[in-house]
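Written out below as structure tokens is the structure these notes cover.
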Amino acid sequence: MLRLLTRSSHQWFPLATCTSRSMKTRPRLDYRNKLILAPMVRVGTLPMRLLALEMGADIVYTEELVDLKLIKSIRRHNPALGTVDFVDPSDGTIVFRTCAQETSRLVLQMGTSDADRALAVGKLLQRDISGLDINMGCPKEFSIKGGMGAALLSEPDKAAVILRTLCSNLDIPVTCKIRILPDVDDTIRLVQKLADTGIAAIGIHARTRDERPQHKPHPDVLRAVAQAVSIPIIANGGSRDMHKYEDLRKFQEDCGADSVMVARAAQLNVSIFRPEGLLPMDELIEKYLRLCVDYDNAPHNAKYCVQSILRELQETPRGKRFLQCQTLQQICEIWHLGDYCRRKQKELQTLGNSGRADVEPPEAQAKRLKLEEAANAIEDEYAGVICRNMPFLRSTYPSDNHLPKTQLYVHAGKAGKNPPGYETQQCDKLFRAICSYDGQRFSSTFWEKNKKQAEQGAALVALLHLGQLEEETLRDNGSLIN
């Protein structure tokens, strides 16, 4: 039973149309003949979803978001970024961020074990998404202990109640994602039971709850299911054999499914959605980082996704420099986007970005204020000090003989000068240092994790000022922030 996969046209809807009134006029999401970015923790955030759409995906899923986290979030419009943010008021983190460019093709996947709570979240979110998916297949311990994910496979009646409640009370289509059961007939009966709730489609991972990516998928089971129900079947679990666009079609054909959902293969190279072929790795990373900058993505999240793309190249000199990066600015410098990042961040500051800046977590705020107070307290000590914001990245130096302090010491000897001296200040387990050399004082304003790194940063500033290092080289390896 072959269901041909074709690329559908994409429609864009301005944010202004995403009101409860206009939801009834918004075209209902169709799950047939679609290429879909699967829900993936830490991967399915806004920049990667937008890049997947640019690469040719028809529908994108968020990472799984738990109902308890969503239900207490506050919805905010962020005019600086042009986004809608759902913010956790307890710590200021962004639980979920979206924008108009993806609204008509966005499905939020939710982890839940309670129908009423799921419905409350659905009503909160439905103006900003086009579909809601319930995770009923995740085998991770966290989900199962909470009665979510694959735990619902053992409670089909409860799963049906959750889906029926949502389908009866929301204006957007509802789906679920499951794994196959060990027995084919049991899988068919389960899918038929879930289909009777009114769901618009069902995603099926072609492995059992206990199987992992190293195990082969079972497309024959999906084919049997597809022949037994009328709702669209979305095939998932074929990434181990997906290396190019044509492989997506083959897996869809093998499963007899209506659509294909791609996880790990897209995580490694999201341009797998392109019929024209994969993009070069660096071009793909540059596109992704631009979106991270445009939408103020958290540095740790951007770093995680770039690591997935680099894979074994993390062991190269450039990869090692990348692994030392602490900020989005530093990551961008490696891919020659430093100027773009600085310019965009200044624009966002001018516009008054109401993202992470306005909802700074209390702990982060306290730490920042403490560092600012410390900086003010030692302001007199820094009078006349030549300062630059230069973190010390150990991986950029091949040996101890190349470390900044060593280079400066050798320079002083060759010039017949007294060796440099160092003094440090500490605040909240972080350090800054002043390097005194040849009648001048130098310092990095970057707070380091220990005294030795702080001194190396100060020596870096001195070497740069003395013309012993090239500013462009420092920007390339992420050591120079401004």
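Here the UniProt record's numbering is used: the first residue of the sequence shown is 1, the next is one more, and so on. By construction, the Cβ of each residue, glycine as well, lies at the ideal position given by its N, Cα and C atoms. Here the structure is a predicted model, which is why all the values come from computation and not from measurement.
Listed in chain order, the alpha helix (DSSP H) runs fully inside the region 66-97 are 67-71, counting runs of at least 4 residues. Apart from the 5 residues on each side of it in sequence, Ala415 has no Cβ closer than 7 Å to any other Cβ in its chain.
In the DSSP assignment, the residues bridged to Cys176 are Ile134 and Ile202. By the CB criterion at 9 Å, Tyr437 and Lys417 fall inside the cutoff.
The beta carbons of Gly82 and Ala57 sit no closer together than 9 Å. By DSSP's assignment, Tyr61 forms a beta bridge with Val107. Relative to the Cα of Ala462, the nearest Cα in the group Asn450, Gln453 and Pro420 belongs to Pro420. Leu279 and Cys255 have their C-alpha atoms roughly 27 Å apart. For Tyr304, the enclosing alpha helix (DSSP H) covers residues Pro299 to Leu310. Here Lys145 is exposed: its Cβ has fewer than 16 other Cβ atoms, across all protein chains shown, within 10 Å.
With fewer than three CB-CB distances shorter than 8 Å, the region 312-332 does not count as touching the region 90-106. Using a 10 angstroms sphere on the CB of Asp196, the tally of other CB atoms stays under 16, which defines it as exposed. Between Leu132 and Phe96, the CB-CB gap reaches or exceeds 9 Å. Rounded to whole angstroms, the separation of the alpha carbons of Asp128 and Val84 is 8 Å. Under the 8 Å Cβ criterion, the region 45-60 does not count as touching the region 183-200, having fewer than three qualifying pairs. Rounded to the nearest whole angstrom, the CA to CA distance from Trp335 to Glu286 is 7 Å. Of the residues assessed, Ala224 falls on the buried side of the cut-off, its CB having 16 or more other CB atoms within 10 angstroms. Counting every other CB atom within 10 Å of its CB across the protein chains shown gives Ser239 a total of 16 or more, marking it as buried. In this structure, Val174 sits near Leu163, with a CB-CB distance shorter than 9 Å. Val43: not part of any alpha helix (DSSP H); DSSP gives it neither H nor E.
DSSP places Asn236 in the uninterrupted beta strand (DSSP E) bounded by Ile233 to Asn236.
Minimum Cα-Cα distance from Asp67 among the listed residues Arg117, Cys387, Asn78 and Leu194 corresponds to Arg117.
The bridge partners DSSP lists for Ser443 are Cys387 and Ile434. For Ala235 against Gln252, the beta-carbon gap comes to about 6 Å, under 8 Å, which counts as contact. In this model, Glu315 and Ile309 are separated by some 13 Å (Cα to Cα).
Val262 has Leu37 as its beta-bridge partners, per DSSP. By the neighbour-count criterion, in which 16 or more other beta carbons inside 10 Å mark a residue as buried, Phe142 falls on the exposed side. Approximately 18 Å separates the beta-carbon atoms of Arg394 and Leu464; this is outside 8 Å, ruling out the contact. Leu469 and Asn33 have their C-alpha atoms spaced approximately 56 Å apart. His77 counts as exposed, since fewer than 16 other beta carbons sit within 10 angstroms of its beta carbon. Within the same chain, Cβ atoms closer than 6 Å to the Cβ of Thr424 are found at Phe431, Ala433, Lys451 and Ala454, the five residues on either side in sequence being excluded.
Within 10 angstroms of the beta-carbon of Asp220 lie fewer than 16 other beta-carbons, which makes it exposed.
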